[in-house]
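In full-length UniProt numbering, the protein residues as written are 1 to 288.
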Amino acid sequence: MSKINWHRILKILIWGIPLIVGIGIFCFWQNNDIVTTKHEYVNSKIPKAFNDFKIVHISDLHNKRFGKNQEKILSKIRESNPDIIVITGDLIDRRKYNLEVAMEFIKGAKEIAPIYYVSGNHEAWSGKYSEIKNNLIEVGANVLDNDYLELNRENEVIDILGLKDPDFLTSTYIDGTDSSEVELKLKEWKERKSFKILLSHRPELFNLYYENDMDIIFSGHAHGGQFRTPFGGGLVAPDQGFFPKYTSGKYKNNGSTMFVSRGLGNSVMPIRIFNRPEIVEVTLINNK
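Written out as structure tokens, the structure is:
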């Protein structure tokens, strides 16, 4: 019987334990430290009354709690001092449904700025969307599933339009995405001549948005690709598969600009790597 090599075991422990602890600290930081990403959107089409209009974009909370009463998120939003807050779906997670945690955030955010919300696939498949919608309306959030509102400032107007998630038309991922309802609404809204801000959970439908002349689009859903290389894109995203095209940041085509949030919470995959939770801030600039 060979002797136990205590020197080797001690060496492994000396190097291994700090490494494990370090990885744990890194993963905790990556999943809980919120970053605010700031953009300026410049377009002469923006009504002058909306110059310097600031939008904070929230997506994919998945009923994650960031501190007591969501204060970590709310303090970040207060720092941005937005004119409106837009939310592009998946406030809750259908697998670990907790509307109370999501509403903690909504109630606090409503005290900062008006909220405009559209649903995501998790609301669609939760089986509890009526409860979610009623709670949002009760606290004064604007639910824009296949609806729009006009924002008025000094007798000038911009449209804020919202798409209901297409997974309300399906029951599982196997069914794929039925975009027929989305296409009908976009064709209807294309005729509107005002400056248009579109809220939609789905970045992978970008071609439909720019083909129908949406000016700005806010989306989420991709979770930043879940795992990101330090200087590159994401690894995998729902409905885009491996090495997805739309995961984070700003995308332009045909006069349309889409801002994709990396989101805040997690769902099936519980860990983010090089992909910290994100709040997106966009300031509208009229360059006339």
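Backbone N, C-alpha and C fix where the C-beta goes; we use that ideal spot for every residue, glycine too.
- Task: Flag this pair as yes or no: are the beta carbons of LEU149 and ASP165 separated by less than 9 angstroms?
- Result: Cβ distance not < 9 angstroms, so LEU149 and ASP165 don't count as in contact.
- Distance, Cα to Cα, PRO114 vs ARG78? Separation of PRO114 and ARG78 (C-alpha to C-alpha, rounded to the nearest whole angstrom) is 13 angstroms.
- ASP215 (DSSP reduced to helix, strand or coil): In the structure shown, ASP215 sits in coil (DSSP, three-state: anything other than H, G, I, E or B).
- 8 angstroms Cβ shell around PRO209 - same chain, five flanking residues per side excluded: In the sequence as displayed, the identity of residue 209 is Tyr instead of Pro. Taken in chain order, the residues that qualify are LEU186, LEU198, SER200, ILE217, SER256 and MET258.
- Test item: CB-CB of ASP90 and ARG276 under 9 angstroms: No.
- Item | CB of ILE58 within 9 angstroms of CB of ILE85, strictly | In this structure, ILE58 places its C-beta atom within 9 angstroms of the C-beta atom of ILE85.
- For the stretch 86-163, which segments carrying the beta strand (DSSP E) assignment without a break, of at least 3 residues, lie completely within its bounds, in sequence order? At a cut-off of 3 residues, the continuous stretches assigned as beta strand (DSSP E) that sit fully inside the stretch 86-163 are 115-118, 147-153 and 156-162.
- Query: Going along the chain, which residues of its own chain have a beta-carbon closer than 7 angstroms to the beta-carbon of PHE105, five neighbours each way excluded?
  - Reply: Within its own chain, the residues whose Cβ lies closer than 7 angstroms to the Cβ of PHE105, once the five positions on either side in sequence are excluded, are LEU61, GLN70 and ILE73, listed in chain order.
- Query: Is the distance from the Cβ of residue 304 to the Cβ of GLY162 below 9 angstroms?
  - Reply: Here the chain covers residues 1 to 288 and nothing more, so residue 304 does not appear.
- First and last residue of the alpha helix (DSSP H) that includes GLU204? In the DSSP annotation of this structure, GLU204 is not part of any alpha helix (DSSP H), being labelled neither H nor E.
- Given a threshold of 16 other Cβ atoms within 10 Å of its Cβ, counted over all protein chains shown, does PRO230 qualify as buried or as exposed? By the 16-neighbour rule on beta-carbons within 10 angstroms, PRO230 is exposed.
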